[in-house]
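One gets the working numbering by counting positions in the sequence shown from 1 and adding 1352 to each. Taking it in order: structure first as structure tokens, then the write-up.
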Amino acid sequence: MRQIPPILSKSLPCFLLFLIFLAPGFYKITHAQNFDFPFGEISSFDLKSAVYDKDTSAVALVLNETGDAWMDTDNGYELVVNYHVRIKIFKQAGVEKANVVLPLRKSDKNKERIIDLQASSFNLVDGVMLETKMNNKAIFEEDGGKFYDYKKFTIANAKAGSIIEYKFSLRSPYIYNFYTWEFQSDIPKRKSEYWATIPGNYIYNLSLRGSLKLSLNENKIIQKCVVISGGSYGTGIHADCIRYKFAMEDIPAFVEEEYMTAKSNFLSAIYFELSEVRYFDGRVDKVTKQWKDADEELKMDKKFGVQLKRGKDVIGEQLKTIAALKLDSLGVANKIYDYVKESYQWNEVYGIYSEFGVKEALVTKRGNVGDINLTLIAALKYAGFTAEPLILSTRRNGLPTDIYPVISDFNYVIAKVKIGGKVYLLDATDDFMPFGMLPERCFNGKGRVLAEKGSYWYEIKPTEKARIVNMCNMKIAEDGKITGIMQRSFFGYRAVSKRKELLRFSDTAEYENALSDEFGSFKPSDIKIEHVNELNKPVAESFAIEADEFVSAQPANFLFNPFLTGKLEKNPFKSETRLYPVDFGVPIDEMYILKIELPENITVSTLPEKVALGLPEAGGRFICDFKQEGSTLTLTNMFSISRTVYSAEEYHYLRELFNRMIQTQQIDLVFTKK
């Protein structure tokens, strides 16, 4: 992974209030940095080290890292961050850390810039340290679009065993966006330290997120660091700053694991958010709004609230056709939902705001999330329904702060509509999503309903499971040939996935080949699939299977694994411990029933014992049970995850359930020909 310094990572704010109390004007801020480490002074121990003793799997290690943030007034207001890092590369995979990407924010009139960039690699050659300095030709800039540019560089002569080091000064005109400092990254760090000096009229909310503890957490007043040199307040006025010092040591690498939401929810980092700007004359500019203020702004916004008034433009004529069908309220809402889905193609762009405008997007048949779902809400409102926008942050976008509104935390909008006393949440961006179901990306805790009488938080939960039922009736002939019928039913989110999967195949033959890969020695044929286009019904699939691998077996034992489908090959929970919750998104429910008719000349040895495991508080279960009645052998296998979120403390039980399931499904039945 390319190296992105922690001050330049895009992350979400979360806050604990600290007040800082000074004044603006025409003033000078004095600043002195005195905690940085000398560039190029490499210890022999670090240069010779071949492994990190606290994490022997690490491909690289941050030996030291410092950041110093402050405001400079020499050329207008600028946020300055001096950054310096030294990294030891242990393995070839760690060489990527020498490819550095610095995202720089920009707008029409302003942009961030990097100055005083210095970089080198250090290698041990014949017992002597060799420094290779970066040539300026290795530095280039790339246009990243409307909001970002990228400065990129590669440190030469970096290899396994090298130490690389670089430093720079970031100068930003966006003083309202004080940078987050991420202590954790995808490689471990021996030490990471961050200082922030903030003049008192800028009142920031600060918070530490993540499970790791600070080794240094200090703040003190720097007296007379602000000197007023003119303006309406006169001269000779001095004011203070506050300096924060934060550090962590022996920081483990952050490892993204299966079933996690956004890493910004768990990464150990310090976050800053400007709350107020205070003036000597008593005026206060509140940057942090109340929800009633945010509600009003969104209501008046041309790309949000104004779009909700255009229902007639998008559904007026179509509503006459729907009304002629004489449907009940739920039927009308379904028709409007289908009409909006069929009228748009989602352009894969998230956002709560309309990108093109609902009327314009309807003409082009394309739009972002805002275009499509604001159209849906407007159409439902025009048809007389109580429909409201519900803004949320998707699973990969992180959790929104709930202390006060930070609209940039939200990147998605859906419709909330009440029909016959029941609430339905709707998203028309997915052609395969039935009425009342949301895409899994939407399940990230709570969202904010923007109601007419004021907004409120609303818990967003799945209404359906990812459910599949597999039933197979099988017969073994006297010569060992196996034939049978497999029937599979896909419900809820498994039905959505199945419909999307079927789109990949051009014809039945191609799909039959895919089934052959899934079922191994069993050859499928005579495939029938129903309800693919009837979204409110489960997808039903049936096909014949046969296998003759046991025909040639002489009177002797032969092994047969009865788990033809749904077999779990590996545990997604590899680590023995876990610091973060497990979030499945939606509940899981799987059932597999296999019935085998045995001939008189084939018997089965002792059947495996029943396995029945359950998670605490009815959180899930695994049951595997073999029974034989006469010549009929029956396997019943059931697996369910009934909750969507499990705490780190419950991780052990979850991991063990999956381990036992894998062990059980590896068991072969032993058949004997007489």
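Quick reminder that beta carbons are idealized off the backbone N, C-alpha and C, glycines included.
Residue from the options whose Cα sits closest to the Cα of residue i
| i | options | result |
| --- | --- | --- |
| M1789 | N1909, L1965, I1507 and T1815 | T1815 |
| D2020 | G1971, F1974, A1970 and E1961 | E1961 |
| I1516 | A1599, L1415, D1878 and K1498 | L1415 |
| V1884 | S1841, G1513 and N1913 | S1841 |
| M2013 | V1403, L1965 and S1681 | L1965 |
| A1646 | Y1808, S1514 and V1433 | Y1808 |
| L1476 | K1717, I1394, G1562 and G1668 | I1394 |
| K2025 | T1958, M1990, I1954 and I1674 | I1954 |
| K1733 | E1694, G1663, K1717 and V1701 | G1663 |
| E1864 | E1483, D1878 and V1956 | D1878 |
| N2036 | K1503, I1812 and K1805 | One cannot answer for residue 2036 here, as it falls past the ends of the chain, which runs 1353 to 2026. |
| R1457 | T1408, F1499 and L1728 | F1499 |
| G1972 | F2010, L1985 and S1983 | F2010 |
| D1460 | Y1526, D1405, D1859 and Y2003 | Y1526 |
| L1413 | D1424, D1420 and S1401 | S1401 |
| L1469 | F1391, V1480, A1908 and G1872 | F1391 |
| Y2005 | L1671, D1977, R1930 and F1762 | R1930 |
| T1984 | Y1998, L1959 and E2001 | L1959 |
| G1496 | M1481, K1463 and N1487 | K1463 |
Whole-number beta carbon distance between residue j and residue i, since they are thought to touch under 8 Å
| i | j | result |
| --- | --- | --- |
| R2007 | N1923 | 7 Å |
| A1899 | F1915 | Incorrect: roughly 14 Å between the Cβ atoms, too far for contact. |
| E1601 | K1661 | E1601 to K1661, Cβ: 56 Å. No contact. |
| L1626 | V1636 | That pair is no contact at about 13 Å. |
| W1422 | V1432 | 6 Å |
| D1935 | Y1611 | 6 Å |
| K1655 | S1706 | 5 Å |
| E1534 | A1621 | 4 Å |
| I1940 | K1817 | 7 Å |
8 Å Cβ shell around residue i - same chain, five flanking residues per side excluded
| i | result |
| --- | --- |
| A1803 | E1740 |
| K1833 | E1898, A1899, D1900, F1902 and V1903 |
| V1629 | P1376, N1553, Y1554, I1555, V1636, D1637 and V1639 |
| E1493 | D1501, Y1502, K1503 and K1504 |
| E1430 | M1423, D1424, R1523, S1524, P1525 and I1527 |
| Y1810 | L1742, K1768, K1798, G1799, R1800 and V1801 |
Beta-carbon proximity list for residue i, same chain, < 7 Å, skipping 5 on both sides
| i | result |
| --- | --- |
| D1779 | N1725, I1766, M1785, L1790, P1791 and C1794 |
| Q2017 | F1915, K1919 and L1920 |
| D1398 | L1415, K1440 and I1515 |
| G1769 | It should be noted that the sequence gives Val, not Gly, for residue 1769. The answer, listed in chain order, is A1685, L1732, F1737, T1738, A1739, Y1776 and L1778. |
| D1783 | K1693 |
| R1819 | F1843, G1844, R1846 and D1941 |
| K1641 | Y1756 and P1757 |
Residue i to residue j span [Cα, whole Å]
| i | j | result |
| --- | --- | --- |
| G1719 | N1699 | 6 Å |
| I1881 | K1926 | 36 Å |
| D1831 | G1918 | 28 Å |
| A1471 | N1509 | 12 Å |
| A1847 | L1742 | 25 Å |
| Q2015 | L1867 | 24 Å |
| F1505 | A1450 | 8 Å |
| K1678 | Y1764 | 34 Å |
| K1576 | L1558 | 23 Å |
| K1774 | G1799 | 18 Å |
| A1375 | F1530 | Its pLDDT being 38, under 50, A1375 is placed unreliably in this model, and the value from its coordinates should be taken loosely. The straight-line gap from Cα to Cα measures roughly 18 Å. |
| K1687 | I1674 | 7 Å |
| Q1839 | A1970 | 29 Å |
| F2023 | F1895 | 25 Å |
| N1427 | P1455 | 22 Å |
| F2028 | E1570 | Missing from the structure shown is residue 2028; the chain here goes from 1353 to 2026 and no further. |
| G1836 | S1957 | 22 Å |
| D1420 | D1653 | 38 Å |
| G1683 | D1761 | 35 Å |
| T1860 | L1854 | 10 Å |
| K1852 | V1821 | 18 Å |
| I1574 | I1466 | 27 Å |
Closer than 7 Å: residue i CB and nearest the ligand SAM heavy atom
| i | result |
| --- | --- |
| A1591 | No copy of the ligand SAM occurs in the structure displayed, which carries no ligand at all. |
Beta-carbon proximity list for residue i, same chain, < 6 Å, skipping 5 on both sides
| i | result |
| --- | --- |
| H1436 | D1388, T1418 and K1519 |
| Q1980 | none |
| M1990 | M1943 and I1975 |
| A1490 | F1505 and T1506 |
| N1909 | V2022 and T2024 |
* Asked: With a cut-off of 8 Å, do at least 3 Cβ pairs link the region 1945 to 1957 to the region 1820 to 1835?
  -> yes
Is there contact between the region 1536 to 1556 and the region 1594 to 1613, where contact requires at least three CB pairs shorter than 8 Å? yes
Would you check if there are 3 or more beta carbon pairs closer than 8 Å linking the region 1701 to 1720 to the region 1652 to 1660? yes
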